[in-house]
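2 protein chains.
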Amino acid sequence: MAGSSLAQQAYTQIREEILRGKLAVGDVLSRRKLAERLNMSFLPITEALQRLEAEGLVESRPRIGTRVRIPTQQDVLDSYVIREALETQAARLCCSNITASEREHLLKSAKHLDDLYRASATELEDSPFLFSVHTYHLRFHMKIAEFSRSPRLVQSIECEQVLIYNWLYDTVSHRKALPSGFHSNLAQAICSRKLQLADAGMRKHVRFGLEDVMKSIANMEVEKGWRLRRVD
Amino acid sequence: MAGSSLAQQAYTQIREEILRGKLAVGDVLSRRKLAERLNMSFLPITEALQRLEAEGLVESRPRIGTRVRIPTQQDVLDSYVIREALETQAARLCCSNITASEREHLLKSAKHLDDLYRASATELEDSPFLFSVHTYHLRFHMKIAEFSRSPRLVQSIECEQVLIYNWLYDTVSHRKALPSGFHSNLAQAICSRKLQLADAGMRKHVRFGLEDVMKSIANMEVEKGWRLRRVD
DNA sequence: CTTTCTACCCTGATATATCAAATATTGAAA
DNA sequence: TTTCAATATTTGATATATCAGGGTAGAAAG
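Residue numbers (our numbering), protein chains in the order written: chain B, 4 to 235; chain C, 4 to 235.
Put into structure tokens, the structure is as follows:
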């Protein structure tokens, strides 16, 4: 980290703060303030924000300002479409290429994940335990992507995942209990050696919960205009 | 165009030159030379190159140089994996959402495209006619994406398409004749209202020809190191 | 003639300065 | 008190300057 470029450091830092919720949706990001806070000139900051904008985490308008992106219903819908496309592909390739030991690992992880979710049913909404479950869940999905043996696919999924996925964690997820064996069933479908099963299993998995998220987005009242009121 | 930012102009210009082959694979891109040629400082150039790097069209190493990206076999393989993921998703959604008039349009385009390919069988490798066929082919695929009614999906496919797709045009494509009714069959599968048919049809379509491309890449002897010999 | 090493040059990275556009603020006029 | 226009401020965009890392050519040594 210390050896990487300033732009890289800024990117990592800002992204982390957005994902952790330290910077909330709609928050204004002043390049100069950030530069001062991160102790660098605002050029590396600009580069970092350009990358984040390309990834869809922030949005900016020329000579007006930059803010953490406010996702629309269409954004979330689109995100799920892409996720479904990429993750079903990962499931297919994983199904074809997975080794015996990886298969064992995946099945075990799925079982563990289901147990975690069952245990977390009684937890409070913002407990650290829930966050760890969430992290584990993400890792489970990335594991499937890795077993597909397509580095680029892993990268694409990673990029899509964090966009809305992490955001929905804060707003709605875990509201409804998951079906029993939710992840175990998926893992078994993937390990079945049958492409159709793997494909259908993942498709169902991704689509689950989409409606809830859509509803919560609709209820969320956010400033859609560009009134970037200064924060002092 | 004249009203857009310098960075945007640079991006469009450089990208165009890469896609048109004016800048060949492996060519060195000097930010300062580009800045002078495009009549701007090298900051907008830097921003443009960063975007192109994120999209995978160029690659750069700190304090060494930037060049038009040299795709590896793995790159091409990965590109096809992503394309298959995104385009089958487009085919599925298109299958579900297409209107009667759009269906008619799609079927007609497919027929026309098949005719074009049949007519182009006797053309020379680098004829302008072949390029127009290629362009029409691309438009056919984007039409399917549009009919899926997911703007983001269109955008993602657009981004993936140009990367390698256009490149392979120059190196190998059209070497082998396409099966008769290649595109008409795809269009019919998509218009069948049956998801499985649409999915399978597109999957087959995308995979066709992958092997040829892979072979031609293997034979291509390019400098893989970073010997960025100056061009005067 | 070949190998080694050093000085020079080019590269991307970063800092600082300036600009024009758009917003926010203020204060005078109604 | 309200309206509105002039001004101050902030923003992203761009230009220019400087820096340190790495490559290259050519001198020096074998």
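For each residue, glycine too, the CB sits at the ideal point set by N, CA and C.
With three or more beta-carbon pairs closer than 8 Å as the criterion, would you say the stretch 81–88 of chain B touches the stretch 182–191 of chain B?
The stretch 81–88 of chain B is not in contact with the stretch 182–191 of chain B.
Taking Cβ-Cβ distances shorter than 8 Å, what residues in chain B pair up with aspartate 57(C)?
Contrary to the premise, residue 57(C) reads as alanine rather than aspartate in this sequence. Going along chain B in sequence order, the residues near alanine 57(C) (Cβ under 8 Å) are Arg54 and Ala57.
Can you tell me whether arginine 23(C) is buried or exposed, with buried defined as 16 or more other CB within 10 angstroms of its CB?
So arginine 23(C) counts as exposed.
Cutoff 8 Å: isoleucine 85(C) Cβ touching any chain B Cβ
Closer than 8 Å to some Cβ of chain B, the Cβ of isoleucine 85(C) qualifies, so yes.
By Cβ distance, which residues of its chain are closer than 7 Å to glutamate 149(C), with the 5 residues on each side in sequence left out?
Contacts found: Val157.
Do you know offhand how far leucine 141(C)'s Cα is from isoleucine 21(B)'s?
The straight-line gap from Cα to Cα measures roughly 37 Å.
Could you tell me which of Arg40(C), Arg95(C) and Glu19(C) sits nearest to leucine 200(C), measuring between CA atoms?
The residue with the shortest Cα to Cα distance from leucine 200(C) is Arg95(C).
Opening and closing residue of the beta strand (DSSP E) in which valine 84(B) lies
Not the beta strand (DSSP E): valine 84(B) falls in the alpha helix (DSSP H), residues 76–100.
From serine 8(B) to glutamate 50(B), what distance separates their C-alpha atoms?
Distance from the CA atom of serine 8(B) to the CA atom of glutamate 50(B), rounded to whole angstroms, is 11 Å.
Return the chain-ordered list of same chain residues with a C-beta closer than 6 Å to the C-beta of leucine 1(B), the five sequence neighbours on each side being excluded.
Absent from the model: residue 1(B). The displayed extent of chain B is 4 to 235, so no value can be given.
Let's see if you can read the secondary structure: which residues bound the alpha helix (DSSP H) around arginine 152(B)?
Arginine 152(B) -> no alpha helix (DSSP H), and no H or E assigned at all.
Spatial neighbours of serine 63(C) within its chain, please: C-beta separation below 7 Å, excluding the five flanking residues on both sides.
By the criterion of a C-beta distance shorter than 7 Å, serine 63(C) is surrounded in its chain by Leu52, Glu56 and Thr69, once the five residues flanking it on both sides are discounted.
Straight-line CA distance for valine 234(C) to leucine 46(C)?
Residue placement at valine 234(C) cannot be trusted, given a pLDDT of 49 that sits under 50; what the coordinates show is reported in the next sentence. Taking the straight line from one Cα to the other gives about 22 Å.
Closer than 8 Å to chain C by CB, glutamate 50(B):
The C-beta of glutamate 50(B) comes closer than 8 Å to at least one C-beta of chain C.
At the level of alpha carbons, what is the spacing between lysine 146(C) and alanine 93(C)?
Per the coordinates, the alpha-carbon of lysine 146(C) lies some 10 Å from the alpha-carbon of alanine 93(C).
heavy atom of the ligand GDP below 7 Å from phenylalanine 211(C) C-beta:
Absence of the ligand GDP from the depicted structure is noted, as is the absence of any ligand whatsoever, leaving it without description.
Please list, in chain order, the residues of the stretch 142–158 of chain B that have any C-beta partner in chain C closer than 7 Å.
Answer set for the stretch 142–158 of chain B: Ser153, Pro154, Arg155 and Leu156.
If we cut at 8 Å on Cβ distances, does serine 183(C) have a partner in chain B?
Not an interface residue.
Within 10 angstroms of its Cβ, does aspartate 118(C) collect 16 or more other Cβ (buried), or is it exposed?
Looking at its Cβ environment, which holds fewer than 16 other Cβ atoms inside 10 Å, aspartate 118(C) is exposed.
By how many angstroms is the C-alpha of serine 219(C) removed from the C-alpha of glutamate 19(B)?
Straight-line Cα distance between these residues: approximately 42 Å.
Does threonine 69(C) come out as helix, strand or coil in the three-state DSSP assignment?
Note: threonine 69(C) maps to strand in three-state DSSP.
At the level of alpha carbons, what is the spacing between arginine 210(B) and glutamine 76(C)?
When rounded, the distance between both Cα atoms is 33 Å.
Name the DSSP beta bridge partners of arginine 64(C), please?
BP columns for arginine 64(C) point to Gly68(C).
Reduced DSSP secondary structure (H/G/I, E/B, other) of valine 216(C):
In the displayed model, valine 216(C) falls within a helix according to three-state DSSP.
Within 8 Å (strictly less), CB to CB, does alanine 88(B) reach chain C?
Answer yes: the Cβ-Cβ gap between alanine 88(B) and chain C drops below 8 Å somewhere.
Where does valine 31(B) fall in DSSP's three states?
Secondary structure of valine 31(B) (DSSP, three-state): strand.
Endpoints, alpha helix (DSSP H) assigned at glutamine 53(B)
Its alpha helix (DSSP H) spans residues 45–57.
Within 8 Å (strictly less), CB to CB, does aspartate 81(C) reach chain B?
Output row for aspartate 81(C): interface = yes.
Going by beta carbon distance, what residues of the same chain come within less than 8 Å of arginine 34(C), once the five residues before and after it are set aside?
Within the same chain, arginine 34(C) has close Cβ partners Phe45, Ile48, Thr49, Leu52 and Thr69.
Taking buried to mean at least 16 other C-beta atoms within 10 Å of its own C-beta, is alanine 236(B) buried or exposed?
Residue numbering for chain B in the displayed model covers 4 to 235; residue 236(B) lies beyond these limits and cannot be assessed.
Drop a sphere of 10 angstroms on the beta-carbon of isoleucine 101(C), count the other beta-carbons inside from all chains shown, and report buried for 16 or more, exposed for fewer.
Isoleucine 101(C) is buried by the Cβ-count criterion.
Which residues bound the alpha helix (DSSP H) around serine 104(B)?
For serine 104(B), the uninterrupted alpha helix (DSSP H) segment begins and ends at 103–123.
If you drop the 5 nearest sequence neighbours on each side, which residues of the same chain put their C-beta closer than 6 Å to that of cysteine 97(C)?
In chain order, Ile147, Phe150, Ser151 and Ile193 place their CB closer than 6 Å to the CB of cysteine 97(C), counting only its own chain and leaving out the 5 sequence neighbours on each side.
What first and last residue would you give for the alpha helix (DSSP H) that runs through leucine 22(C)?
Taken as a continuous stretch (DSSP letters only), the alpha helix (DSSP H) holding leucine 22(C) covers 9–22.
Is arginine 196(B) helix, strand or coil by DSSP?
Coil.
Give every residue of the same chain whose Cβ lies closer than 7 Å to the Cβ of arginine 206(C), excluding the five residues on either side of it in the sequence, and list them in chain order.
Glu87 and Thr91, listed in sequence order.
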